[in-house]
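Enquirer:
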DNA sequence: TCATTAAATTGTT
DNA sequence: AACAATTTAATGA
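Next up, the structure:
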């Protein structure tokens with residue numbers, strides 16, 4: 011389990027940026043490179059958040075935390091791919107959703123100061139940015155912009171959970187694959203997501219809970235239908251809407 | 001710039 | 001799970 015921890019101030023890129031032009035590169039600009047919601051913050055709020063940000067890296071296949079662990083920080087994926095999973099009532103492991111770079115999660119858990127309800131697994135080498143609970147709560151109390159952002163985020167989360175009830179009925183592997191990919195292109199959760207994602211077919215399989223062979227067949231089928239374009243090591247989404255609706 | 005090799009990814013059985 | 005084919009990355013002439 012290789013985990014490295016860096017405090018905010020020690021990041022070489024960040025300090026270089028600061029020295030280049032103190033009056034032009036604002037904390038907001040800097041924060042925005044890591045977190046798109048930095049837009050909603052004031053310069054002062056952004057500066058304080060930046061200072062408290064903690065970065066961690068995880069190697070592929072390692073657990074970030076298990077269900078029941080305490081991780082009192084709001085979590086953003088800077089690079090990589092994280093799988094949120096849980097154990098069903100029958101004791102089967104199920105994937106809830108994947109989170110790709112640019113995504114933030116765990117707000118519900120941090121708000122209520124609860125133990126984590128899910129397992130978090132790094133599907134590939136991953137870098138996380140953590141906003142410690144005190145700063146998160148401070149932002150929520152002080153920043154109107156952050157509050158607005160968080161309402162949108164939570165609202166979208168509810169939609170995702172509702173969609174998951176539907177997902178349970180899907181037994182067609184191609185439909186499951188389609189749904190998981192579509193979720194990675196949610197315009198609210200990933201406002202800067204373009205139309206392609208770097209992902210191998212093996213990672214698609216891990217995420218959707220199917221074998222690599224099935225993932226391969228499913229992707230080729232979705233490509234035939236004109237929903238996606240499969241390239242080596244990446245997938246381009248041509249019709250997110252239809253991809254999310256596809257049910258076999 | 002090109003050739004060689006190793007590693008990663010994909011398609012198939 | 002294993003295998004072959006294909007693509008990419010890295011290396012050095």
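Residue numbers (this note's numbering): 11 to 258.
All C-beta atoms, glycine included, are put in the ideal place defined by N, C-alpha and C.
Looking at C-beta atoms only, is the number of pairs between the region 192-201 and the region 165-176 that lie closer than 8 Å three or more?
Expert: Enough Cβ pairs lie closer than 8 Å, so yes.
Enquirer: Rounded to whole angstroms, what's the CA-CA distance from residue 228 to residue 183? Just pull it up for me.
Expert: Roughly 7 Å between the two C-alpha positions.
Enquirer: Between residue 221 and residue 132, which are expected to be in contact by the criterion C-beta below 8 Å, what is the C-beta distance as a whole number of angstroms?
Expert: Rounded, the Cβ-Cβ distance is 20 Å, inconsistent with contact.
Enquirer: So residue 86 and residue 50 are supposed to be a Cβ contact under 8 Å. How far apart are they, rounded?
Expert: No, residue 86 and residue 50 are not in contact; Cβ-Cβ is about 14 Å, not under 8 Å.
Enquirer: For residue 31 and residue 111, what's the separation of their Cα atoms in angstroms?
Expert: Here the model assigns residue 31 a pLDDT of 49, short of 50, so the residue's position is not dependable and the matter cannot be decided.
Enquirer: Taking the alpha helix (DSSP H) that residue 198 falls in, what are its first and last residues?
Expert: It is not in any alpha helix (DSSP H) - residue 198 carries neither H nor E in the DSSP assignment.
Enquirer: How long is the line joining the alpha carbons of residue 128 and residue 36, rounded to whole angstroms?
Expert: Cα to Cα, residue 128 sits roughly 36 Å from residue 36.
Enquirer: Fully enclosed by the region 48-125, which beta strand (DSSP E) runs are 3 residues long or longer?
Expert: Qualifying beta strand (DSSP E) stretches, in chain order: 64-68, 73-75, 83-89, 91-97, 103-110.
Enquirer: Check this for me: beta carbons of residue 199 and residue 114, under 9 Å apart or not?
Expert: Closer than 9 Å, so yes.
Enquirer: On the DSSP letters alone, give me the boundaries of the alpha helix (DSSP H) that residue 227 sits inside.
Expert: From DSSP, the alpha helix (DSSP H) with residue 227 extends over 222-234.
Enquirer: Assuming contact is defined by CB atoms lying nearer than 9 Å, are residue 143 and residue 45 in contact in what I supplied?
Expert: Against a cut-off of 9 Å, the Cβ pair of residue 45 and residue 143 comes out as no contact.
Enquirer: Could you check whether residue 237 and residue 253 sit closer than 9 Å to each other, using their CB atoms as the reference points?
Expert: Taking 9 Å as the Cβ cut-off, residue 253 and residue 237 qualify as a contacting pair.
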